[in-house]
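Enquirer: Starting off with a structure, shown below.
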Amino acid sequence: MKYIPTIGIECHVQLSTKTKLFSEVDNDARGKEPNSCVSPVDYALPGMLPRLNGEAIKFAIRAGRAMNCEINASSRFDRKHYFYPDSPKGYQITQFYHPIIGAGFVELPDGKKIRIEHAHLEGDAGKLTHFDSYSLVDLNRVDTPLIEIVSMPDMHSAKDAHDYTKSLWRLMCYAEVTNGDLYNGNMRFDVNVSLAPEGSDELGTRAEVKNLNSFKSVERAVEYEIKRQSKILDKGEKVIQETRGWNDATGETTGQRSKEEAKDYRYMPEPDIPPINLTAEFIEEESKKLPLMPKDYKEKFSGKIADDTLEILLDYPSLMKKLAEVKDVKRVSNWFASVLLAEEKSAEYLNDLPTAKQLDDLSEMTEKGELSSTGAKEVFLKFFDPQMAKKEAKVIAKELNVIQENDLGELEKIVDEVLADPATKQAQEDFKAGQEKVIGFLVGQVMKASKGKANPSSAQEILRKKLA
Amino acid sequence: MRIADKTTTAVSLVKEALEKAKKYEDKHIFVSLNEENALKKAEEIDAKIANGEKVGRLAGVPYALKDNFLSKEGNTTASSLMLEPFHSPIDSTTVKKLEAEGAIMIGRTNMDSFAHGSSTENSYFGPTKNAVDDERVAGGSSGGSAVAVALDIVPFATGSDTGGSIRQPASFNGVYGFKPTYGTISRYGVVAMASSTDCIGFFTKNAEDMDLLMEICAGQDENDMTTLPDYYSETPEKPAKKIGIIKDFDNDAVDQDIRNVLAEKVEFLKNEGYEIVELDMPTLKYALAVYYIVVPAEVTSNLSRHDGIRYGYRSEDAKDLGEIFSKSRNEGFMSENKRRIMIGNFVLSSGFYDAYYLKAQKARTKIIEEYNKAFEKVDYILTPVSPNPAFKLGEKVNDPVSMYLEDVMSVPINLAGVPSVAVPVGKTESGLPLGLQVVGPRRSDKNLLKFASVLEGDK
Chain A
0 MKYIPTIGIE CHVQLSTKTK LFSEVDNDAR GKEPNSCVSP VDYALPGMLP RLNGEAIKFA
60 IRAGRAMNCE INASSRFDRK HYFYPDSPKG YQITQFYHPI IGAGFVELPD GKKIRIEHAH
120 LEGDAGKLTH FDSYSLVDLN RVDTPLIEIV SMPDMHSAKD AHDYTKSLWR LMCYAEVTNG
180 DLYNGNMRFD VNVSLAPEGS DELGTRAEVK NLNSFKSVER AVEYEIKRQS KILDKGEKVI
240 QETRGWNDAT GETTGQRSKE EAKDYRYMPE PDIPPINLTA EFIEEESKKL PLMPKDYKEK
300 FSGKIADDTL EILLDYPSLM KKLAEVKDVK RVSNWFASVL LAEEKSAEYL NDLPTAKQLD
360 DLSEMTEKGE LSSTGAKEVF LKFFDPQMAK KEAKVIAKEL NVIQENDLGE LEKIVDEVLA
420 DPATKQAQED FKAGQEKVIG FLVGQVMKAS KGKANPSSAQ EILRKKLA
Chain B
0 MRIADKTTTA VSLVKEALEK AKKYEDKHIF VSLNEENALK KAEEIDAKIA NGEKVGRLAG
60 VPYALKDNFL SKEGNTTASS LMLEPFHSPI DSTTVKKLEA EGAIMIGRTN MDSFAHGSST
120 ENSYFGPTKN AVDDERVAGG SSGGSAVAVA LDIVPFATGS DTGGSIRQPA SFNGVYGFKP
180 TYGTISRYGV VAMASSTDCI GFFTKNAEDM DLLMEICAGQ DENDMTTLPD YYSETPEKPA
240 KKIGIIKDFD NDAVDQDIRN VLAEKVEFLK NEGYEIVELD MPTLKYALAV YYIVVPAEVT
300 SNLSRHDGIR YGYRSEDAKD LGEIFSKSRN EGFMSENKRR IMIGNFVLSS GFYDAYYLKA
360 QKARTKIIEE YNKAFEKVDY ILTPVSPNPA FKLGEKVNDP VSMYLEDVMS VPINLAGVPS
420 VAVPVGKTES GLPLGLQVVG PRRSDKNLLK FASVLEGDK
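Protein chains in written order, with numbering that gives the first Met the number 0: chain A, 0 to 467; chain B, 0 to 458.
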């Protein structure tokens, strides 16, 4: 039988605020000792009270706006209770009843709109590392601000799920609310998949695959679930509602013993944090701070960057920002596209981008013919070399000795030398006999003689004149 | 100040307090003494005064700290096994403010474990005895603090009041006990019982001392988002004219001595020119039921952090993670703690939340409205603190409901978040102290304390 999959996704985004959601300690624990970014509040000493980080509210407004969502003027926090060593308070502070972000939508590259049900602020849990007979607890991540984005079940294929998660990632990165480092869990996805027979009005029983951390794994997990559930349904059996884990190595999901169903989080309004009441002016003011979004860049660069190139470059928000600053977008974007497409660790090129001036100078030199396209590329690559990165384009070009010979008198001498060389005699005759493409060989000889510094188009011009 | 006048020294005051504390050891007022630190601090203050340096408003004044206040000195146990031992790396806001003014903590006072109780009999360390009668309870949960002040061991002690935990022991031992408007004093660093009703307050011998402590400790705290913007010191003076009494609270269930002293005080106020207004507050009878839903819910939540993982008690028998949680909590908490944890979990359970917790919150709103209406008619309300004077040790401890009923006149005030001061106004025929409470509208704290001293007038 043919089945229609229905997919809804919950996404946790770690916000890159300076401090944690409820305390003053550093929210950026990258490279720090375990349990070194933990305040008495995060550690849940007795008598400690949460202190809401206003920056997280601002981030939530931006994130909400990036997804075309309503921002709720009034929201509040609730406690979600469970015992586990990753949760020092014995509860997570979240927004169960009144979330800060209301309904909205995310548009996929193919034009589909995926509705957002709501999104809410909450504190992250700590990290456990399990060993044979013991486990280690690291509370650095406790109460890192998260927003949990809950989609409507508007997706119907693995591709939809992939595109949605990728679009979300881009939106959150462009909104500058997260570092967006998927490898380190800055965004995590829980994917709900159910199948219903084609033509049926009712949705099937869903399985939830938890804790996926890449678009690819979201896509593969959905593909796997569609196959797994189809097989069950084909046999006339029922899909069990359960939480499943994803094994990236085997490409399979596995049931995680469904004690889930018995879970009762005993939600309760958080009495230590008063309700958050935002004025329309405040929401408006923060909304205005939303940086340019992918769609804005698409509009801005349309006609200057080829659509398929742009689609690749859009994965790098800092690069988009840089391209918006440079004069010759077309040329600069091509340089970036060439390295990002060709190099293994392409993202490393984006850690420390060249300045707009460096890029503009390089464009100008190329435009004027002072650099060949190869020379320009060489200079461009040096922008990422820590030894050279801070130097001006012209200085680097000089050091690399790639500035083209534009002195026509000098060039004519070289051309004469090449033409006087017996090794080119045959080629000269062939050209005169009408073999047009031989000119390339001759230009190559001039380039060689000039040690690459000649401007090839000038060289060709002179050659043609002399051979006419 | 006597110390600043050099008529006495901080060291001699602290020594005197410590001696008295030891003298009354059998009353079981303190769970720990802070002798060494206290004497060292007293010496520092004396040295400062000798050098002519500026000292605080409480320089050299010894005080007792309820055992649920975090302080870097000694262990904070909330008189429980669960926090035995717990050494705090930080000071609660109140301790910080008191110490900044030079007050010296001489010891931590006994309380019902995690402040669950009305008699201090639920302490892991055993009960505190009443100041005037060794066979009777001190009241609770702040029993130790009340007795420490009643017996003149210290001029003041800290307390926390979630449903009467300051006012009732104050009344049982014949001292002033003040529960300010919710949010007036920071709760930061006080082991939480029920976040939405917990109030920090004090025990003193008179209203003036109470006012000074409020001047020092009231105020907005960035570490407690529920604190109100500073208002205490700037309260405009507003003399009282109309005093309300609650019809429903004058009934046969209330001890005759208490009814008599209330009647006497009403007469006294009339003679002083006050207008007495009888109030009908029919919603208050639901307050106890509401309280025992809202408070256990918050209690169960706030006690979740005591899981045996990071600090405090951990069962030695625990064999796996589940047992660390269950055995540590089962052994570390006392029956009354567990009773409230279970009630709380029940009312928050999925499917019951709407029927209990949500409904209780709605009833709570009605209670708040009823107080608002009452304060449109009167300046303050005068009522008993509890239906009975200090009862016998062991009399109610195995009958939780009758123990809960002791709070029937104090809990509505916590639910409404309004201030109330227990004033010592007399004695029973057998000589037990009796107090009445004066309840005011939100943020009337300063004027309320002024009126309270009027009430004491003809004692």
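By construction, the Cβ of each residue, glycine as well, lies at the ideal position given by its N, Cα and C atoms.
May I have the straight-line CA-CA distance separating residue 149(B) from residue 196(B), to the nearest angstrom?
Expert: One C-alpha to the other measures close to 26 Å.
Enquirer: Give the residues of chain A in contact with residue 124(B), contact being defined as C-beta atoms less than 9 Å apart.
Expert: Correct list: empty, because the minimum Cβ distance to chain A is about 17 Å.
Enquirer: Using a C-beta cutoff of 9 Å, does residue 84(B) count as contacting chain A?
Expert: No, its Cβ sits nowhere closer than 9 Å to a Cβ of chain A.
Enquirer: Less than 8 Å between the CB atoms is what I'm expecting for residue 69(B) and residue 91(B), so what's the real figure, rounded?
Expert: Sure, about 5 Å apart at Cβ, within 8 Å.
Enquirer: Can you list, in chain order, the residues of its chain with a C-beta nearer than 8 Å to that of residue 168(A)? Leave out the 5 residues immediately preceding and following it.
Expert: Once the five neighbours on either side are set aside, the close Cβ partners of residue 168(A) are 179, 181, 186 and 214.
Enquirer: Sorted by chain position, which residues of the same chain lie with C-beta nearer than 8 Å to residue 301(B)'s C-beta, five sequence neighbours on each side aside?
Expert: Counting only Cβ-Cβ distances below 8 Å, and skipping sequence neighbours, we find 191, 192, 193 and 194.
Enquirer: In angstroms with no decimal places, state the Cα-to-Cα distance between residue 182(B) and residue 31(A).
Expert: Between residue 182(B) and residue 31(A), the C-alpha separation is close to 37 Å.
Enquirer: With residue 12(A) and residue 176(A) assumed to form a contact (beta carbons below 8 Å), what rounded beta-carbon distance in angstroms separates them?
Expert: So it is a contact: roughly 7 Å between Cβ atoms.
Enquirer: Spatial neighbours of residue 151(A) within its chain, please: CB distance less than 6 Å, with the 5 preceding and 5 following residues excluded, ordered by chain position.
Expert: Once the five neighbours on either side are set aside, the close Cβ partners of residue 151(A) are 114 and 116.
Enquirer: Pick from 101(B), 79(B), 130(B) and 124(B): whose alpha carbon is nearest that of residue 113(B)?
Expert: Checking every option, the nearest Cα to that of residue 113(B) belongs to 79(B).
Enquirer: Can you give me the Cβ contacts of residue 321(A) inside the same chain, cut-off strictly under 6 Å, excluding the 5 residues immediately before and after it?
Expert: The answer, listed in chain order, is 352.
Enquirer: Tell me the rounded alpha-carbon separation between residue 16(B) and residue 264(A).
Expert: Looking at the two C-alpha atoms, the distance is approximately 48 Å.
Enquirer: Tell me whether residue 129(A) is buried or exposed, calling it buried when 16 or more other Cβ atoms sit within 10 Å of its Cβ.
Expert: Exposed: under 16 other Cβ atoms inside 10 Å.
Enquirer: List the residues that DSSP assigns as beta-bridge partners of residue 245(A).
Expert: Partner(s): 252(A).
Enquirer: Please check the pair residue 91(A) and residue 124(A), which I expect to be a contact at CB under 8 Å, by giving their CB distance rounded to whole angstroms.
Expert: Sure, about 7 Å apart at Cβ, within 8 Å.
Enquirer: When you compare the CB positions of residue 385(B) and residue 163(B), do they come within less than 9 Å of one another, or not?
Expert: For residue 385(B) and residue 163(B), yes; Cβs fall inside 9 Å.
Enquirer: Could you tell me the boundaries of the beta strand (DSSP E) in which residue 104(B) lies?
Expert: Where residue 104(B) is concerned, the enclosing beta strand (DSSP E) stretches over 103 to 108.
Enquirer: Counting only C-beta atoms, is residue 305(B) closer than 9 Å to chain A at any point?
Expert: Yes, residue 305(B) lies at the interface with chain A (some Cβ there is under 9 Å from its Cβ).
Enquirer: Could you list the residues in the stretch 291 to 312 of chain A with a C-beta less than 7 Å from some C-beta on chain B, going in chain order?
Expert: Residues passing the 7 Å Cβ filter: none.
Enquirer: Residue range of the beta strand (DSSP E) that residue 208(A) falls in?
Expert: From DSSP, the beta strand (DSSP E) with residue 208(A) extends over 205 to 211.
Enquirer: Going along chain A in order, which residues have a C-beta closer than 8 Å to the C-beta of residue 190(B)?
Expert: Those within 8 Å of residue 190(B) in chain A are 45 and 46.
Enquirer: Quick check: the Cα distance between residue 278(B) and residue 161(B), rounded to an integer number of angstroms?
Expert: Cα to Cα, residue 278(B) sits roughly 24 Å from residue 161(B).
Enquirer: If we define contact as Cβ-Cβ less than 9 Å, is residue 19(A) a contact residue for chain B?
Expert: So, not an interface residue.
Enquirer: Is residue 408(B) helix, strand or coil by DSSP?
Expert: Residue 408(B): coil per DSSP, three-state reduction.
Enquirer: Using a Cβ cut-off of 9 Å, pull out every chain A residue sitting near residue 224(B), in sequence order please.
Expert: Simply 48, 49, 50, 51, 271, 272 and 273.
Enquirer: Would you say residue 126(A) reaches chain B, if we count a Cβ-Cβ gap shorter than 9 Å as a contact?
Expert: Output row for residue 126(A): interface = no.
Enquirer: Below 6 Å CB to CB, which residues in the same chain sit around residue 97(A) once its five sequence neighbours on both sides are set aside?
Expert: Contacts found: 74 and 75.
Enquirer: Whose Cβ in chain C lies nearer than 9 Å to the Cβ of residue 96(A)?
Expert: Structure shown: chain C not included; protein chains present are A and B.
Enquirer: Could you please give the first and the last residue of the uninterrupted alpha helix (DSSP H) stretch that includes residue 159(B)?
Expert: Element bounds for residue 159(B): not the alpha helix (DSSP H) but the beta strand (DSSP E), 155 to 160.
Enquirer: Taking only the alpha-carbon atoms, compute the straight-line gap between residue 237(A) and residue 249(A) and give it to the nearest angstrom.
Expert: So the two alpha carbons sit approximately 24 Å from each other.
Enquirer: Counting only runs that start and end within the stretch 137 to 163 of chain A, where is the alpha helix (DSSP H) found for 4 or more residues in a row?
Expert: Runs of the alpha helix (DSSP H) inside the stretch 137 to 163 of chain A: none found.
Enquirer: Give a yes or no on contact between the stretch 430 to 447 of chain B and the stretch 254 to 267 of chain B, applying the rule of three or more CB pairs nearer than 8 Å.
Expert: Because the criterion of three Cβ pairs below 8 Å is met, the stretch 430 to 447 of chain B and the stretch 254 to 267 of chain B touch.
Enquirer: If you measure beta-carbon to beta-carbon, which residues of the stretch 366 to 400 of chain B are closer than 8 Å to chain A?
Expert: Within the stretch 366 to 400 of chain B, no residue has a Cβ that lies closer than 8 Å to any Cβ of chain A.
Enquirer: Identify each residue in the stretch 79 to 108 of chain A for which the Cβ-Cβ distance to at least one residue of chain B is less than 7 Å, and report them in chain order.
Expert: Correct list: 80, 82, 84, 87, 88, 89 and 90.
Enquirer: Kindly list, in the order they appear in chain B, the residues whose Cβ is closer than 8 Å to that of residue 133(A).
Expert: Residues of chain B passing the Cβ test: none, with the nearest at roughly 10 Å.
Enquirer: Would you report the Cα separation of residue 44(B) and residue 87(B), rounded to the nearest angstrom?
Expert: In a straight line, the C-alpha of residue 44(B) is about 24 Å away from that of residue 87(B).
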